[in-house]
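Structure first, commentary second.
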Amino acid sequence: MSLPTHVRLVEVGPRDGLQNEAQPISVADKVQLVDALTAAGLGYIEVGSFVSPKWVPQMAGSAEVFAQIQRKPGVTYGALAPNLRGFEDAIAAGVKEVAVFAAASESFSQRNINCSISESLERFVPIMDAAKQHGVSVRGYVSCVLGCPYEGDIAPEQVARVARELYAMGCYEVSLGDTIGTGTAGATRRMFEVVSADVPREKLAGHFHDTYGQAMANIYASLLEGIAVFDSSIAGLGGCPYAKGASGNVATEDVVYLLNGLGIETGIDLDALIRAGQQICTVLGRPTGSRVAKARSAQ
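Numbering (the numbering used here), first residue to last: 44 to 342.
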């Protein structure tokens, strides 16, 4: 299969990245980050999450962030809304696209959201109904598609079952996440081969963590399978609070560098992206997780 000519990146840094930081992050700093990502050319930015601050304190103030960002026409500003209350809060904040998440591992589902996979999917039904009424798009996430911290390897058929359910209930796109970063290129290709029998490839996305240093290889393997949408996080921010040892998401800067080298269009300004990563890392007082940004700064 030939490589895609254009790839869409879903920037998850402001949500999936910042939610794992230990220090408080101001609304102003979050707004600055989102605006910098917009200026760099990202077409989809996951801005925040409408969950209880008790469980995810770093996502407090998401409504205020949505109220203050400089929205650019043609850019999607999404948010995580795991339950109906979160969906209602997102709608009140002017959100036009939300995301829901399930897991491909029963053990992970129980540890993460205290219910079975089937129960988690049932919880999404009222969200999907409300989304249709409000004309809001819903994107689905599936966690632990290539490995689970409690169960080990996950069968591609199990991933396909969950992805199929999300797609059937109305998710326009399903992002398959290697939450603990143990996946390899061969396993990635096999997973997409199996899942694409139930969900069209153009409706699938890849979400890779770099715990074992395999994220870029897995993205290339996904490209070979015709996948043209990937989640990534500025400066490699993020991880998973429920998956011990899971390091950050693959860095957006690194993915753009790879795609540029392959002649694949993204519409993203790499230099502006690197500056955005440097800005948020300065705020966080930590080095960037992007290898490309580190190399550029050393030149």
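The beta-carbon is built from N, C-alpha and C at its ideal position, and this holds for glycine as well. If you're wondering where the values come from, they're calculated on a predicted model, not measured in any experiment.
Provide the residue span of the alpha helix (DSSP H) that contains Glu165, from first to last. Here residue 165 refers to the residue found at position 122 of the sequence shown. First-last of the alpha helix (DSSP H) with Glu165: 160-177.
Every unbroken beta strand (DSSP E) inside the region 216-240 [3 residues or more]: Qualifying beta strand (DSSP E) stretches, in chain order: 216-221.
Pick from Val138, Gln101, Thr295 that is closest to Ala110, judged by C-alpha positions: Position 67 of the sequence shown, counting from 1, holds the residue named residue 110. Put simply, of Val138, Gln101, Thr295 the residue whose alpha carbon is nearest the alpha carbon of Ala110 is Val138.
DSSP has Ile88 in a bridge; who is on the other side? The sequence position of residue 88 within the sequence shown is 45, counting from 1. In the DSSP assignment, Ile88 forms a beta bridge with Glu54, Tyr120.
7 Å Cβ shell around Thr309 - same chain, five flanking residues per side excluded: Position 266 of the sequence shown, counted from the first residue, corresponds to residue 309. So the list reads Val50, Leu52, Val299, Leu302, once near-sequence residues are dropped.
Cβ of Ala258 within 8 Å of Cβ of Val205? Indexing the sequence shown from 1 puts residue 258 at position 215. Indexing the sequence shown from 1 puts residue 205 at position 162. Not closer than 8 Å, so no.
List the whole-angstrom C-beta distance separating Ala203 from Val181, where the pair is believed to meet the contact cut-off of C-beta under 8 Å. The residue labelled residue 203 in the question sits at position 160 within the sequence shown. The residue labelled residue 181 in the question sits at position 138 within the sequence shown. Incorrect: roughly 19 Å between the Cβ atoms, too far for contact.
For Pro125 and Asp221, I'd like the C-alpha separation in whole angstroms. Translated into the one-based positions of the sequence shown, residue 125 becomes position 82. Translated into the one-based positions of the sequence shown, residue 221 becomes position 178. Rounded to whole angstroms, the separation of the alpha carbons of Asp221 and Pro125 is 19 Å.
Arg114 (DSSP reduced to helix, strand or coil): Walking along the sequence shown from the start, residue 114 turns up at place 71. Coil at Arg114, not helix or strand.
Contact between the region 74-83 and the region 312-321: three or more CB pairs below 8 Å? With the rule of 3 Cβ pairs closer than 8 Å, the region 74-83 counts as touching the region 312-321.
Quick check on this structure: which residue in Cys214, Gly256, Glu149 has the alpha carbon closest to the alpha carbon of Pro243? Counting from one through the sequence shown, the residue named residue 243 turns up at place 200. It is Cys214.
Suppose you measure from the CA of Ala336 to the CA of Ala315; what does that come to, to the nearest Å? Stepping through the sequence shown from its first residue, residue 336 is reached at position 293. Stepping through the sequence shown from its first residue, residue 315 is reached at position 272. For Ala336 and Ala315, the distance between alpha carbons rounds to 11 Å.
For the alpha helix (DSSP H) that contains Ser152, what are its first and last residues? As a working mapping, residue 152 is identified with position 109 in the sequence shown. In this chain, the alpha helix (DSSP H) harbouring Ser152 covers 149-156.
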